[in-house]
Amino acid sequence: MLPRLVRLAAPVLALGLLAGCSGGGGGDAPPAPDASAQARDAVTATFTAYSQALLRRDFTTACLSLTDDAKKALVADLNQRNIPAQTCEQSYAALYATDAATALDEQGRTITVTDVKVDGASASLTYSGSVKGKQLTQTLRAVQVAGGWQIAPGA
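For the sequence shown, the residue numbers in mature numbering (1 follows the signal peptide of the UniProt record, and there is no 0) are -19 to -1, 1 to 136.
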């Protein structure tokens, strides 16, 4: 059960994420913004905020980074595992009250984003992190909602 719970909350854990910003090179005018790069940075920033919130146990903020469908999927998955919860926040509180919290925190502290691909209003973000000393690589999906990005169910 632990590996499934870790996978379930994995989008959660991107504390060690490097959401690098690149500075300008000092010419006459700054280069025109690259929309694709901006979208990748925005997806990464959403994942970083989500992951950091989970590590702080700020489940309200973490849940703001999820689509409604992702919140429903989280609640349903935990309910199927006899972990009672009715909301996203309750789901994370219950999940982090289990033995899975140690593995989730380990992954959160060691996570690195390895790839972000944006295709219009959807994106995928691939990351890796350590769980019980083993490196795991996972991909999550994000979608554009009301001008911002949110983590969605499925990869």
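Backbone N, C-alpha and C fix where the C-beta goes; we use that ideal spot for every residue, glycine too.
DSSP state of residue i, grouped into three classes?
i, result
"K53", "helix"
With DSSP as the reference, please indicate the residues paired to residue i in a beta bridge.
i, result
"L47", "I132"
"L110", "Checking the displayed sequence, the identity of residue 110 turns out to be Gly instead of Leu. According to DSSP, G110 bridges with L117."
"V124", "S103, Q131"
"D93", "Note on residue identity: the sequence assigns Thr, not Asp, to residue 93. DSSP, once it has assigned bridges, lists S109 as partnering T93."
With 16 as the cutoff for other CB atoms within 10 Å, does residue i come out buried or exposed?
i, result
"K52", "buried"
"T118", "exposed"
"R38", "exposed"
"V56", "buried"
"G89", "buried"
"Q131", "buried"
"V94", "buried"
"S17", "exposed"
"D58", "buried"
"T41", "exposed"
Am I right that residue i and residue j are in contact with their C-beta atoms under 8 Å? What's the rounded C-beta distance?
i, j, result
"D96", "T107", "4 Å"
"I64", "A75", "5 Å"
"Y73", "A43", "6 Å"
"I92", "G110", "4 Å"
"A104", "A123", "4 Å"
"V112", "E87", "6 Å"
"T48", "A133", "5 Å"
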